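> The structure that follows is given in the form of structure tokens.
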Amino acid sequence: MSGASQPHKHIQFIEVGNDGPPIEMLARKITLEVSAELNQVLFPPFLSLLDLVISTVRHDPDYPPGSPSYNVILTLEHIHLIPRRHEAYKIEETQELISVNSLGFAGMLLAKSESELETMKKEGIGRILRGVGLESVHELQVAGTSLEAP
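Given below as structure tokens:
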């Protein structure tokens, strides 16, 4: 589900190969057993992830005012919620804006031209994603701290 680029929440269905989106390669390292009804399986983890998103936003002193923005990625195997600070990443050198939606966090950024693709490669995908997303504060919370660095 998404909504930052649109005035409403929406879902995008994307057909991918047998291996799924690139994020699945990372997520498959964790094995989950599923034996309950779908709502019992999805609802509690979704709420837990949403709690982490809200907590992450709350702990960011530079988060822009307004409702929290986040991306949701649902695959056949996993749920991902990614808190975001911005809809787009600004390339410092050119001032060009690179729009990032859920698909970007799934490993499928959209380059609208060859020059934009080269700009993305030069800037680095990780840097672009970190520029629009937020660092998790979960480890800090588990350790019993607030904004302190580890």
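Heads up: the sequence shown begins at -19 in my numbering, then just goes up one per residue.
Don't be surprised by glycine CBs; every beta carbon is placed ideally from N, CA and C.
Please read these numbers as outputs of a predicted model, since none were measured by experiment.
Using a 10 Å radius around the Cβ and a threshold of 16 neighbouring Cβ atoms, would you call phenylalanine 23 buried or exposed?
exposed
> Short of 6 Å in beta carbon distance, which residues of its chain neighbour serine 126, apart from the five on each side in sequence? Order them along the chain.
Its pLDDT being 49, under 50, serine 126 is placed unreliably in this model, and the coordinates cannot settle the point.
> Would isoleucine 105 and tyrosine 69 qualify as a contact pair, given that the criterion is a beta-carbon distance under 8 Å?
no
> What do you get for leucine 64, buried or exposed, if any count of 16 or more other CB atoms within 10 angstroms of its CB means buried?
The sequence given here places arginine at residue 64; leucine does not occur at that position. Counting every other CB atom within 10 Å of its CB across the protein chains shown gives arginine 64 a total of 16 or more, marking it as buried.
> For a quick check, are the C-beta atoms of histidine 118 and leucine 32 less than 8 Å apart?
Yes; because the gap between Cβ atoms is below 8 Å, this pair is in contact.
> Measure the C-alpha to C-alpha separation of glutamine 75 and phenylalanine 85 and round it to an integer number of angstroms.
22 Å
> Pick out whichever of Ala91, Asn81 and Ser95 has its Cα sitting closest to the Cα of arginine 110.
Asn81
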